[in-house]
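Q: Structure in structure tokens, see below.
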Amino acid sequence: MTKTCLKCGKAVEEPVDDPAAEKYPSCSACWKEWTTYAVMVMNEMRLDMSLLEHRKALRKYERMFFGLEKSEGELRKNPEKKPDHMH
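Adding 31 to a residue's 1-based position in the sequence shown gives its number in our numbering.
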């Protein structure tokens, strides 16, 4: 049984060579995009990964990136709309 990438919806051909990627099924291209975006978020928000609150903040961005959680702006615009993966 093949897994489907949460971000792009394509079949995951080869598993990503990163133990952290096991949390969310994702193709290597989307996982690479996430890791690049995560670095940007950590730098721009000046997150300190030794602090629990900062790790939680990054986890929230990770869930939003993979479509598992809505951003606050999206909730205000479309409070009734569910994420695509829930249809």
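Even glycine gets a Cβ: it sits at the ideal position worked out from N, Cα and C.
Model, not experiment: these values are computed from the prediction.
List the endpoints of the continuous alpha helix (DSSP H) containing residue 37.
A: Counting from 1 along the sequence shown, the entry for residue 37 is found at position 6. Per DSSP, residue 37 belongs to no alpha helix (DSSP H) and is neither H nor E.
Q: Can you grab the Cα-Cα spacing for the pair residue 35 / residue 79, in whole Å?
A: Indexing the sequence shown from 1 puts residue 35 at position 4. Indexing the sequence shown from 1 puts residue 79 at position 48. The alpha-carbon atoms of residue 35 and residue 79 are separated by roughly 32 Å.
Q: Confirm, please, whether the CB-CB distance from residue 62 to residue 96 is below 7 Å.
A: Translated into the one-based positions of the sequence shown, residue 96 becomes position 65. Translated into the one-based positions of the sequence shown, residue 62 becomes position 31. It is not a contact, given that the beta carbons lie outside the stated cut-off.
Q: Taking just the CA atoms, how far does residue 102 sit from residue 39?
A: On the sequence shown, residue 39 is found 8 positions in, with the first residue counted as 1. On the sequence shown, residue 102 is found 71 positions in, with the first residue counted as 1. When rounded, the distance between both Cα atoms is 18 Å.
Q: Measuring CB to CB, does residue 57 end up less than 7 Å from residue 37?
A: Here the question's residue 57 lines up with position 26 in the sequence shown. Here the question's residue 37 lines up with position 6 in the sequence shown. Yes, Cβ-Cβ distance for residue 57 and residue 37 is below 7 Å.
Q: With 16 as the cutoff for other CB atoms within 10 Å, does residue 41 come out buried or exposed?
A: One-based indexing of the sequence shown puts residue 41 at position 10. By the 10 Å Cβ count, residue 41 comes out exposed.
Q: Just to confirm, are residue 92 and residue 72 a CB contact at a threshold of 7 Å?
A: Reading the sequence shown from its first residue, position 61 is the one you call residue 92. Reading the sequence shown from its first residue, position 41 is the one you call residue 72. Result yes, Cβ atoms of residue 92 and residue 72 sit closer than 7 Å.
Q: Starting from the C-beta of residue 33, find all residues in its chain whose C-beta is less than 6 Å away, skip the five residues before and the five after it, and write them out in chain order.
A: To locate residue 33, count along the sequence shown from 1; it is residue 2. If we look at residue 33 and ignore the five residues flanking it on each side, its Cβ neighbours are 42.
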